[in-house]
Structure formats: C-alpha cells, structure tokens
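Q:
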Amino acid sequence: MADRATLPAGRATVGRHARRSVRRRPAPGPLLLRQIRHQNLLFWRSPISAFFTLLFPLVFLLLFNALQGDQTIESRDGIRFAQFFTPGILAFAVVSACYTNLATSVPINRDEGVLKRVRGTPLPPWIYVAARVGSAVWVAVLSAVLMVAVGVALFHVEVLWHLLPAAVVTLLLGAACFCACGLAVASLCPSGEAAPAVANFTILPVVFVSDIFYPLDQVPTWLQVAGSIFPVKHFALAVQADFNPFTQGSGFFWGHLAVIAVWLVAASVVALRTFRWEPGISTGRGSVRRGRHRARRPPSG
Amino acid sequence: MPAIRVAGLRKRYGDVEAVRGIDFEVAEGECFALLGPNGAGKTTTVEILEGYRRRSAGEVEVLGFDPERSGVDFRERIGIVLQSSGIHRDLTVEEVVSLFGGYYPEPRPTDEVIELVGLEEKRRARTKTLSGGQQRRLDLALGIVGDPDLVFLDEPTTGFDPSARRRSWELVDSLRSLGKTILLTTHYMDEAQSLADRVAVLAGGRIVASGSPASLGGRDVAEAVISFRLPSGMAPAELPPGLPEALDVRDGQVSLRTATPTRTLEALTGWAVARGAELEALAVTRPSLEDVYLRLTTVDGLADEEALRG
Chain S
1016 MADRATLPAG RATVGRHARR SVRRRPAPGP LLLRQIRHQN LLFWRSPISA FFTLLFPLVF
1076 LLLFNALQGD QTIESRDGIR FAQFFTPGIL AFAVVSACYT NLATSVPINR DEGVLKRVRG
1136 TPLPPWIYVA ARVGSAVWVA VLSAVLMVAV GVALFHVEVL WHLLPAAVVT LLLGAACFCA
1196 CGLAVASLCP SGEAAPAVAN FTILPVVFVS DIFYPLDQVP TWLQVAGSIF PVKHFALAVQ
1256 ADFNPFTQGS GFFWGHLAVI AVWLVAASVV ALRTFRWEPG ISTGRGSVRR GRHRARRPPS
1316 G
Chain H
185 MPAIRVAGLR KRYGDVEAVR GIDFEVAEGE CFALLGPNGA GKTTTVEILE GYRRRSAGEV
245 EVLGFDPERS GVDFRERIGI VLQSSGIHRD LTVEEVVSLF GGYYPEPRPT DEVIELVGLE
305 EKRRARTKTL SGGQQRRLDL ALGIVGDPDL VFLDEPTTGF DPSARRRSWE LVDSLRSLGK
365 TILLTTHYMD EAQSLADRVA VLAGGRIVAS GSPASLGGRD VAEAVISFRL PSGMAPAELP
425 PGLPEALDVR DGQVSLRTAT PTRTLEALTG WAVARGAELE ALAVTRPSLE DVYLRLTTVD
485 GLADEEALRG
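Sequence order for the protein chains is S and H. When you line the first sequence up against the numbering used here, it's residues 1016 to 1316, in that order. When you line the second sequence up against the numbering used here, it's residues 185 to 494, in that order.
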C-alpha cells in the first residue's frame, strides 16, 4: 500500500455532470483491436490451450503423413494421401481453434466471474464477444498456415494458387461458423467444470464422420448422411477440394458453403438468445449458483 | 437529486422473496453502508442497483438512470467492486488495470491506480500469483480506474490484514473527499462506523433500522453502562445510596445502567474518594454498533441457524 492512500485531486464530481457528455468515449475500432490483442496474449500464455489447438493437429499431421503420405486415394482422383490429409487436418485445426476453444474457455471464464466483471464496465458487450471470436479466428488462421507450411516443407504438398481465394473464403466462413457453434454450446453448457467434456464429446464424433482422418467415400450411406448434417464435413470437403489438383473451376463449392452458412446463422441465433454473463443456470426458482465461487465464499445478502 | 433513490424495491426468486420492499436514498457525495447477515438481501439489492438483476417491483434510480435499461452511459459513471469476480489469470496487474482503464472516457493513470491500492511490487506479476488480499486490492483498482462518480463496494475488505484494511479505508475516505458517492456493504461494524455517513441494517429482506452509525438503533440515547471493580474487602451493600436500581455485581465486578451518567458518576466517585478507595477498571460505555446490530439481526440469525440444523 502507498504510505498514504490519498487520491490525487483529479476530477471533482459535484456539479460537473453536465460536462461529462463531451468527454471522448473510446472508439469501437481501437477498443476491439486492444481487446483482441489481450485475448491473444491470454491464449499464448496458457500452455494447455496452445497445446491442444496447435500441437495436437500438428502431431496428427506429422504422424499420418509420415506413415502413409505417399499412398494414393483412388476415390479422390488418385491424389497423394498428404495432399488429402493436410487440408483435412487444417480443417480439424480450425475446428479446435474456434469451436473447442470457445466452448471450453467461455464457460470457465463465466464461472470464474470474468464475464460478470466485464459486463459491469462500459465495454460494449458485443465488443467483448467479437474480440473473443476475432482472437479465435486469428489463431485458426495461424494454425491453418502452420499446417500448410509443414505440409509443403516436409510432405511435398502442393498449394494450388488459383484455388487459394476460395480456400481463404471457405476458411473464414468456416471459422466464423465454428466460433458461433462454440458460443452457442458455451451458452447452453451448465458449468465450467462440464465444459471440456461437453466440447470434446460433441466435436469428436462429428470429426470422425467428417472425412478428416480418412475419406469416407465407401462407408455405409447412413454414416455419410450423419456426417453431412454437420458443418464440419462440408468444411473439410471444400478445403480438401481446394487442395485437389483435379478440381475444376474457381473452387467455390456453393453447396458446402451454404450448409456452413446455415449453421452459422442458426448457432448465432442460439448464442445471442442464450448467452449468459454470470454463472448459474436459470431454473423455475431463479438463479442457481454453481462452480468454484460458490464453494469459496457463499453469497451474502 | 439524490445519487441513488430506491422506493418499494422487491425481488423475488421463484417463491422466495429476497428483498421485501425497501426504501432508501443516498445523497451525492455520501457514503452509505448496507449491513446485514448473510442472506439478508444486501447483494441482491446492490446487484439491482448495478444493473445486473431485474427488480420484481419498485422504483430504482441511480445517477438519474434506470439501471435495468441503461448501458454504456451509465456504466461509464459507476465503478463496481463485486463480492466475487474473476480476472483473467494469465495477465499481469499492469495489463489488467490498463486494459480496464481503456474502457472509460477519462481513466486514471495506470501507475497511479496501482500505487493507490499498493500493488507496485506486483505490477508485473500475473494475477493468478496474487494472494487473496492482493486480488481484492486489484478488484478495488479496477473499481476506481474509470474515475467513477459512484462506487459500489460489496464487502471490499474481506480477507484483508488489519493494516491493508486501514489503508483501504483511507482510500475510500479520499474517494469521498473528492465528492464521490459510495455504496458499501460490509460485515465489519468498525468499517461501517469509520467509513459510512449513514447505515441501514437489512434483515430478512427488509430494512430494520437506519441512521448515522452513532445514532443507529437509538445508540446515542440509550442508557450508559458504568462498570468498575468493587474495592477489595467491600460489600455491594456499602455502595452509596441513590445509585440506579439496575445494578449487577458479579465476581466483584459491578456494572450499572443509568440514563444520567454524570450524576451517577459523581455520586460514585465522591463516595469512593471520601473512603479513600480507588475504583479500578472504571469505564463508561454505550452499546457499540455491534451490540445494536446483533440485537437488530439476532432473530434472523437464530432462524438461520435453525434452518442449517434442519
């Protein structure tokens, strides 16, 4: 503590309310950028999240490509496995950076009371949420670049420059969609303790029926249909095709993009309607508090 | 215009009514304390004023705003120190204070705020490494970094050591001397006594008493208690006549209640001096704020304990 905890004179309050309206309010643009920067800082300082988001897909990439990178896939125009698997694992990395990341960290931060504190400041709520999405998309783009770079450097993956614009648009739309899904699930998730389980048990089965680790062109129809319901498969197929030398045209797969967009809109609606800034689930009897804070100190009054 | 005006405020959670119709006003520049046991409705009331909760009934006006319907304009002018709220664990003290300062139109300088709450040495420490008391001081820093007109302090010094507590009181005092309005909730009677201009005691969702800390519950007009040790070898019967009836002797310790302490004291000391005796441990006391508080809230306290035992 300072020797004397006395406030420097600063601004006296009484009778000066009128002047307040002319004070300069922070502009949304810089506020958003600053918030994204802090959110990124947090991501890199938390080794566990960086591990699962970047290292996990990277390990898969190295392992599978090293084992069978040079085999060919008949059902995909006979392209090399590495040329199929690298964009597929890129899709997985984007799902991790956006969906798994937000669906896990947002409920945990909510239980910790981080969201409640932010809600009590003049920071517009949309900026806080946008910054979390922006930061997740930024990590997704980084990990996508990393996957492709490693693929090119070690496994002779070919970047198809004429399909790249389509790949980038697909990537950004997909990232937005998985962020929205992550936020929607975060809103519905009862507590921070349940969040990692909820996030992983919702995404892993979907990933396995989404042509990411293996082309599911010859599996039973019901499995193909099951995968087609969710956006992950459409995202993976579109990105894989944008790395397939036999792809005709500009590489925009409107059917896939449309399904991703529908999920984006639906998940955004759910997230907007159910997003919560405080721990606890609404029941008929009002707010039931949960999580660590309850155990540490019971609410008084 | 009062800084805070509350009239007929009620809050119902399902079939439980946490706040059952309370009224109070806090003038601009005043420090107002809400006292009460756990579950009395303090935090619910404060969180309604902060805009976190919707009221079930009644009127609430804070700095001229209806907190339920107000956004950035309102939040720019208030500072909130919640009872429990987290902070991103992997940012440093400096980063957090500067980040939050950036949300406000006219923040106080980051260094100044860190110094005010005494966290200079923890400036570059990650928030997860702070002790409980240090985290609470960071809470305080984030509550004042926006240079607000009105500060909500929900049990601000819980977990502080005595000296940190006294320093925080000085900080709150200096906030008040700048004309800031302060709404405080606390469990500590000495805190209320030293900081608050006025206090209200909440119990069972109602205000059971309010007034200045000195006059709460009729403290200022209550009977004084005079106590002393009976000189050795003297029997209570030898005490001078004319002492009040309400006299209590236990193990040679005498205490008596009187509405006229000056006259009683004169009679007593005159008698002792005439006999050449010394009245050891002589003291005149009035009921402390704590005594009054316990009397006002005991019924509910007992009810709580019974509920706990099931």
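Even glycine gets a Cβ: it sits at the ideal position worked out from N, Cα and C.
Chain H partners of ARG1039 of chain S, CB-CB under 7 Å?
A: What ARG1039 of chain S touches in chain H: PRO289.
Q: Are the C-beta atoms of PRO1137 of chain S and some chain H residue less than 7 Å apart?
A: Output row for PRO1137 of chain S: interface = yes.
Q: Is it right to say LEU1219 of chain S is buried, meaning 16 or more other beta carbons lie within 10 angstroms of its own, or is it exposed?
A: Flag for LEU1219 of chain S reads exposed.
Q: Which residues in the same chain have their Cβ closer than 6 Å to the Cβ of ILE206 of chain H, if we skip the five residues on either side of it in sequence?
A: LEU193, ILE391.
Q: How about GLY1103 of chain S and GLN1255 of chain S: do their beta carbons lie closer than 7 Å?
A: Yes, the Cβ-Cβ distance between GLY1103 of chain S and GLN1255 of chain S is below 7 Å.
Q: Determine the DSSP secondary structure at CYS215 of chain H, reduced to helix, strand or coil.
A: Strand.
Q: With distance defined between alpha-carbon atoms, name the residue in H:HIS272, H:LEU233, H:SER396 nearest to ARG1060 of chain S.
A: Ranking H:HIS272, H:LEU233, H:SER396 by Cα distance to ARG1060 of chain S puts H:HIS272 first.
Q: Give me the Cβ distance between LEU275 of chain H and LEU1056 of chain S, rounded to the nearest whole Å; I'm assuming they're in contact under 8 Å.
A: LEU275 of chain H to LEU1056 of chain S, Cβ: 7 Å. Contact.
Q: Kindly indicate which residue of S:PRO1235, S:ASN1124, S:LEU1076, S:ALA1151 has the alpha-carbon position closest to the one of GLY1207 of chain S.
A: Closest option to GLY1207 of chain S, Cα to Cα, is S:ASN1124.
Q: To which residues does DSSP link VAL409 of chain H through a beta bridge?
A: BP columns for VAL409 of chain H point to H:ARG441, H:THR469.
Q: Where DSSP assigns a beta bridge to ASP435 of chain H, which residues make up the other side?
A: According to DSSP, ASP435 of chain H bridges with nothing at all.
Q: I'd like the ranges of any beta strand (DSSP E) spanning at least 3 consecutive residues and lying wholly in the region 304-371 of chain H.
A: 334-338, 365-370, all fully within the region 304-371 of chain H.
Q: Could you tell me the distance, in whole angstroms, from the CA atom of LEU1070 of chain S to the CA atom of ALA1181 of chain S?
A: For LEU1070 of chain S and ALA1181 of chain S, the distance between alpha carbons rounds to 26 Å.
Q: Enumerated in chain order, which unbroken segments of the alpha helix (DSSP H) with a length of 4 residues or greater are wholly contained in the region 1048-1111 of chain S?
A: You should have 1062-1065, 1071-1083, 1096-1110.
Q: Looking only at DSSP bridge pairs, what is VAL385 of chain H linked to?
A: In DSSP, VAL385 of chain H forms a bridge with H:LEU219, H:ALA393.
Q: With DSSP as the reference, label SER1036 of chain S as helix, strand or coil.
A: Note that SER1036 of chain S has pLDDT 48, beneath the 50 cutoff, so the model's placement of it is unreliable and no number is given.
Q: In the DSSP assignment, find the unbroken alpha helix (DSSP H) run with ARG1288 of chain S in it and report its ends.
A: Taken as a continuous stretch (DSSP letters only), the alpha helix (DSSP H) holding ARG1288 of chain S covers 1269-1289.
Q: Consult DSSP for ARG194 of chain H and reduce its assignment to one of helix, strand or coil.
A: In this structure, ARG194 of chain H counts as strand in the three-state DSSP scheme.
Q: Which residue marks the beginning of the beta strand (DSSP E) containing GLU299 of chain H, and which one marks its end?
A: Segment 294-300 is the alpha helix (DSSP H) holding GLU299 of chain H; no beta strand (DSSP E) there.
Q: Who are the neighbours of LEU275 of chain H on chain S, taking C-beta pairs under 9 Å?
A: Chain S residues near LEU275 of chain H: HIS1053, LEU1056, LEU1057, ARG1060.
Q: Taking the alpha carbon of ASP257 of chain H as the point to measure from, which residue in S:PRO1137, S:GLN1050, S:PHE1066 has its own alpha carbon closest?
A: Cα-wise, what sits closest to ASP257 of chain H is S:PRO1137.
Q: Roughly how many angstroms separate the alpha carbons of PHE1058 of chain S and GLU279 of chain H, rounded to a whole number?
A: Using only the alpha carbons, I get a separation of about 15 Å.
Q: Measuring CB atoms only, is the region 1077-1097 of chain S touching the region 1156-1173 of chain S, in the sense that at least three cross pairs come out at less than 8 Å?
A: Contact holds: three or more Cβ-Cβ distances are below 8 Å.
Q: Name the residue from H:PRO415, H:ILE298, H:GLU209, H:PHE216 whose alpha carbon lies nearest to the alpha carbon of THR369 of chain H.
A: Nearest C-alpha to THR369 of chain H: H:PHE216.
Q: Give me, in chain order, the residues of the same chain whose beta-carbon lies closer than 7 Å to that of PRO971 of chain S; leave out the 5 immediate sequence neighbours on both sides.
A: Given that chain S is displayed from residue 1016 to residue 1316, the structure contains no residue 971 of chain S and the question cannot be resolved.
Q: If contact means a Cβ-Cβ distance below 7 Å, which residues of the region 1086-1109 of chain S contact chain H?
A: Going along the region 1086-1109 of chain S in chain order, one finds no residue with a Cβ nearer than 7 Å to chain H.
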